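In our numbering, the protein residues as written are 1 to 190.
In this text, a Cβ means the ideal position worked out from N, Cα and C, and glycines have one as well.
All of these numbers come straight from a predicted model, not from anything done at the bench.
In what follows, a single structure is set out as structure tokens and then discussed.
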């Protein structure tokens, strides 16, 4: 790990009280961070899509799911998150380098006033400890309801292999909702 990253992790990282559950490798070329709040069903679709990417790309990519909620979460969302954590523990995708962070259970909740931004930060800060710093590793952000193509990772790796690109924004569109009110909210958000 380079000195700047080490200094950041020591002085600014948001790590405690959250811990990584899953594997313990620290040689990845990329990490995908997926915050998830009551997204058990859609998260499985996201991971299904990712699992269709090439074996070569998947071998060098860590996927971190940050299951999160605030203390004031609704009982239904809390139950969904707990079900998500149990599901992740069952290792539903052995072909993925999949780990998770519990920011949902009692005592591990996201503080009041914070939300998905802090959940992403927790995931990114955890990812910094798992990356191979001899290469220029990639940090990728997805949502728990994002569907991607089977060439998603190879396209990202190819884009950055040219060496000139330092960042990218990938166009996306949320899934269609059959509920008109929800569909309007989704399109307004985008």
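Between residue i and residue j, which are expected to be in contact by the criterion C-beta below 8 Å, what is the C-beta distance as a whole number of angstroms?
i           : j           : result
residue 132 : residue 39  : Incorrect: roughly 29 Å between the Cβ atoms, too far for contact.
residue 61  : residue 97  : 6 Å
residue 53  : residue 109 : Not confirmed; about 32 Å, so no contact.
residue 115 : residue 101 : Between residue 101 and residue 115 the Cβ distance is about 15 Å, and since that is not below 8 Å, they are no contact.
residue 35  : residue 119 : 4 Å
residue 58  : residue 95  : 6 Å
residue 103 : residue 67  : 6 Å
Would you report the Cα separation of residue i and residue j, rounded to the nearest angstrom?
i           : j           : result
residue 153 : residue 50  : 8 Å
residue 164 : residue 20  : 32 Å
residue 187 : residue 172 : 12 Å
residue 47  : residue 126 : 19 Å
residue 112 : residue 23  : 30 Å
residue 18  : residue 65  : 12 Å
residue 5   : residue 128 : 7 Å
residue 183 : residue 177 : 5 Å
residue 2   : residue 179 : 49 Å
residue 74  : residue 81  : 11 Å
residue 155 : residue 41  : 26 Å
residue 72  : residue 121 : 20 Å
residue 16  : residue 8   : 14 Å
residue 190 : residue 181 : 15 Å
With distances taken from CA atoms, which of the options is nearest residue i?
i           : options            : result
residue 25  : 108, 37, 99        : 99
residue 44  : 73, 143, 74        : 143
residue 37  : 137, 105, 176      : 105
residue 169 : 181, 141, 175      : 141
residue 134 : 27, 10, 7          : 27
residue 160 : 181, 138, 175      : 138
residue 33  : 189, 117, 158, 190 : 117
residue 93  : 55, 9, 30          : 55
residue 30  : 130, 15, 149, 7    : 130
Tell me the DSSP secondary structure of residue i in three-state form.
i           : result
residue 130 : coil
residue 87  : helix
residue 81  : helix
residue 102 : strand
residue 76  : helix
residue 5   : helix
What are the residues that DSSP puts in a beta bridge with residue i?
i           : result
residue 61  : 30
residue 201 : Residue coverage of the chain in this structure runs from 1 to 190, which leaves residue 201 outside it and unanswerable.
residue 70  : 110
residue 35  : 66
residue 97  : 62
Using a threshold of 7 Å, is the CB atom of residue i nearer than that to any non-hydrogen atom of the ligand FMN?
i          : result
residue 89 : Here there are no bound small molecules, and the ligand FMN is not part of this structure.
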